[in-house]
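When you line the sequence shown up against the numbering used here, it's residues 169 to 353, in that order. Backbone N, C-alpha and C fix where the C-beta goes; we use that ideal spot for every residue, glycine too. First the structure, in the form of structure tokens, and then the observations on it.
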Amino acid sequence: GMGAILAVVYFGNPEPVLLAAYLGVMATVNADTWATELGVLSRVPPRLITTGQEVPHGSSGGVTSLGTWASVAGALLIGSVATALTQAGSLLGGSGWDASALSFPVLAVAGGMAGSLFDSLLGATVQGIYYCDRCGQETESARHRCGQAALPVRGWLWLNNDLVNFIASIVGGLVAASLGWLFWR
């Protein structure tokens, strides 16, 4: 995905703004995963990010407080690990403390949250959503996990979950890169 592309570009052109973009992309992916996996454990029903209407757990565009805080934690983990690894590399390499790495958690949380929330916004508004007649459930796929072909319900059918994740990761990367540029110029 976008993280791999940025890693390759950074290898040939080690600009700090590319590192910030990479942090934002990876933080978005992790934040979104944590929000999804832990948000379903919420005892409070999710609400659409757009209208606040209650929706079933697992609905595209649904958010919970637990999922949102899990998203923050997932993004913070990416930024904190990046800071720790950068400091360890700098100290072991003899170049001393890298003060710019202290901004990594801020960049990761800002980018990760922006990307994760943008993912929810796309899920609530334009992502292709289908309905499985057999199971009576909405799904993000044209074929439900039960094997039944699902019927289109709403959204742009070409905009599947993989593409939503890719677009959201770009948003997270752009937010982190923009902040990094402001911090380090």
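Check	Outcome
Is the distance from the Cβ of Val193 to the Cβ of Gly291 below 8 Å?	no
Is it buried or exposed for Pro182, if we count other Cβ within 10 angstroms and need 16 for buried?	exposed
For Phe179, count neighbouring C-beta atoms within 10 Å of its own C-beta (all shown protein chains included) and say buried if the count is 16 or more, exposed if not.	exposed
Using DSSP with H/G/I as helix, E/B as strand and the rest coil, what is Gln221?	coil
For the beta strand (DSSP E) containing Val321, list its first residue and its last residue.	Leu319 to Arg322
Going by other Cβ atoms of all chains shown within 10 Å of its Cβ, with 16 needed for buried, is Ala256 buried or exposed?	exposed
Taking contact to mean at least 3 C-beta pairs separated by less than 8 Å, is the segment 221–231 in contact with the segment 184–198?	no
Assuming Asn198 contacts Gly279 under a Cβ cut-off of 8 Å, what Cβ separation, rounded to an integer in Å, is found between them?	Their Cβ separation, rounded to whole angstroms, is 11 Å, which puts Asn198 and Gly279 out of contact at 8 Å.
Look at the Cβ atom of Gly262, then the Cβ atom of Gly235, and state whether they are nearer than 8 Å.	no
Given a threshold of 16 other Cβ atoms within 10 Å of its Cβ, counted over all protein chains shown, does Asp301 qualify as buried or as exposed?	exposed
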